[in-house]
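Residue numbers (the working numbering), protein chains in the order written: chain A, 1 to 114; chain B, 1001 to 1114. So the structure is just underneath, and the comments pick up after that.
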Amino acid sequence: ETGVTQTPRHLVMGMTNKKSLKCEQHLGHNAMYWYKQSAKKPLELMFVYNFKEQTENNSVPSRFSPECPNSSHLFLHLHTLQPEDSALYLCASSQDTGRRKGYTFGSGTRLTVV
Amino acid sequence: AQSVAQPEDQVNVAEGNPLTVKCTYSVSGNPYLFWYVQYPNRGLQFLLKYITGDNLVKGSYGFEAEFNKSQTSFHLKKPSALVSDSALYFCAVSPNTGGFKTIFGAGTRLFVKA
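The structure is reproduced here in structure tokens:
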């Protein structure tokens, strides 16, 4: 384990469902991130939180709604998703901007929208 | 626009031979440069970074990377490949302009044949 835990590991949901992804870190990091990984595409930054305040929203559709109740926990609430939203969703954390020591990633949630 | 390019979708190499995974970037200033590795069903793991100083940096598992400022490249290398090195490798660049954005490439799949 890397210190960043994501649940669930796999999720299949219909387009009308509502579900949530959870991410937890106890590394003492202050920044947390959601990335979307699709095959043969660059990782897409979705959201960034620093000390539980959102600092980046990379033009993500409103059907994805992040929540960061504290510096250790990050959620991604999903509703009325589309099949093209199927991907691996990665959570990461870092100390400050991550430039000195890089990011620590979780194992991801494999999301399939049917 | 700022970007990271990994020109090869896949690199094939025989075990024991040297390997190179290429990365070029288009980011202004003096960015921080990273390599990450992703094994199946896992998140990305930090391999090495370049901030300043010697153009050849050493990282985990015998990997090293060579920074070339004039070519804006940061190629990943290893003198002798192992079958266990087979994985997906991501180059990442963090602009030195503040903020929390790190830009990732699309990844290069390394396949080491026994």
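We put the beta carbon where it would ideally sit given N, CA and C, even for glycine. In this text the structure is predicted, and so the values were computed from the model without any measurement.
Taking B/N1041 as the query, report the chain A residues whose CB atoms sit under 9 Å from its CB, ordered along the chain.
R9, S107, G108 and R110
Taking A/R99 as the query, report the chain B residues whose CB atoms sit under 7 Å from its CB, ordered along the chain.
Y1032 and S1094
A/L78 vs A/K19 beta-carbon contact at 7 Å:
yes
How about B/Q1131 and B/T1108: are their beta carbons less than 7 Å apart?
Residue numbering for chain B in the displayed model covers 1001 to 1114; residue 1131 of chain B lies beyond these limits and cannot be assessed.
On the DSSP letters alone, give me the boundaries of the beta strand (DSSP E) that A/M15 sits inside.
No beta strand (DSSP E) holds A/M15; DSSP gives it neither H nor E.
Please give me, in chain order, every unbroken run of the alpha helix (DSSP H) with length at least 4 that falls completely inside the segment 1043–1108 of chain B.
none
7 Å CB neighbourhood of A/T7 in its chain, flanking five on each side removed:
K22
Closer than 7 Å, Cβ to any Cβ of chain B: which residues of the segment 28–57 of chain A, in chain order?
A31, K40, K41, P42, L43, L45, V48, N50, T55 and E56
Would the segment 64–71 of chain A and the segment 48–55 of chain A be scored as touching if the rule is three or more Cβ pairs under 8 Å?
yes
Quick one: which residues of the segment 1063–1090 of chain B get their C-beta closer than 9 Å to a C-beta of chain A? List them in chain order.
F1090
Three or more C-beta pairs under 8 Å: does that hold for the segment 1008–1019 of chain B against the segment 92–106 of chain A?
no
Considering only residues of the segment 64–109 of chain A, which uninterrupted beta strand (DSSP E) runs meet the minimum length of 3 residues and lie entirely inside it, listed in chain order?
64–70, 73–79 and 87–94
Distance check for B/I1103 and B/K1077, CA to CA, integer angstroms please.
21 Å
Which of the residues in the segment 84–96 of chain A, read from start to end, lie with their CB under 7 Å from any CB of chain B?
L90
Could you compute how far the alpha carbon of A/T97 sits from the alpha carbon of B/K1049?
14 Å
When you compare each of B/Q1010, B/Y1025 and B/Y1061 to B/S1070 by their alpha carbons, which one comes out closest?
B/Y1025
How should A/A39 be labelled, buried or exposed, when 16 other C-beta atoms within 10 angstroms of its C-beta is the threshold for buried?
exposed
Look at the alpha carbon of A/S59 and the alpha carbon of B/S1080, and state the distance between them as a whole number of angstroms.
43 Å
Please state whether the Cβ-Cβ distance between B/F1074 and B/L1033 is less than 7 Å.
yes
Please tell me whether A/G14 has its Cβ less than 7 Å away from any Cβ of chain B.
no
Could you name the residues that DSSP lists as bridge partners for B/K1113?
B/A1014
Does the separation of the CB atoms of A/T112 and A/S93 fall below 7 Å?
no
Determine whether the beta carbon atoms of A/K36 and A/E24 lie at a separation below 7 Å.
no
Under 8 Å Cβ-Cβ, which residues of chain B neighbour A/T2?
G1043 and Q1045
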